Amino acid sequence: MEPIFSIAEVAEITGLSQDTLRYYEKIKLLPSTKRKENGQREYSKLDLDRVRFVTILRRTHMPLRKINEYMNNSSIKNYEECYSLLNEHKTLIETQMAEMATTLDILKHKLKNFEELKEGNFLDAEYDK
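The UniProt record's numbering numbers the first residue of the sequence shown as 1 and each following residue consecutively.
Here it is in structure tokens:
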């Protein structure tokens, strides 16, 4: 038998709040879950995997609108559009990572300058210009 998870368990596993899970279902980012007789949500392993994937995409700052577009295309098996959306987002992430690497290099240089300053020296501040 496939494992069934409560909303509290899915929230704990994914790090999302129960309110966020309900919101994602409300805006149709996630499909409606099965309900017990008492109305409580029941999440399947597939549901949990979907929530995890949405969480990964949100962690990369993909807008909810784009995630929704991806999920809708996935549900109708429009894999070309799914590929296109993910590839576009991958390119954006790669650009951001390159920019962050440059920023990190600048910060490291500044920190080295401060370390040298503490020791009574001062480096030629290439990034201070």
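Heads up, the beta-carbon is just placed ideally off N, CA and C, and yes, glycines get one too.
What you are looking at is a predicted structure, and each value in this text was computed from that prediction instead of being measured.
{"Asked": "E116 lies in the alpha helix (DSSP H); which residues open and close that run?", "Found": "Y79 to K118"}
{"Asked": "Between which two residues does the alpha helix (DSSP H) containing K36 stretch?", "Found": "Segment: none, K36 is in no alpha helix (DSSP H) and carries neither H nor E."}
{"Asked": "Within 10 angstroms of its Cβ, does I7 collect 16 or more other Cβ (buried), or is it exposed?", "Found": "buried"}
{"Asked": "Are the CB atoms of T60 and T14 within a distance shorter than 7 Å?", "Found": "no"}
{"Asked": "Strictly by DSSP, which residues pair up with F53?", "Found": "For F53, which the question treats as bridged, DSSP gives no partner whatsoever."}
{"Asked": "Buried or exposed, going by whether 16 or more other CB atoms sit within 10 Å of the CB of residue 130?", "Found": "Residue 130 lies beyond the range of the chain shown here (1 to 129); nothing can be said about it."}
{"Asked": "Can you give the Cα-Cα distance for K108 and E9, rounded to whole angstroms?", "Found": "41 Å"}
{"Asked": "Determine the direct distance from the alpha carbon of E115 to that of S84, and round the result to whole angstroms.", "Found": "46 Å"}
{"Asked": "Do you know offhand how far N113's Cα is from T103's?", "Found": "15 Å"}
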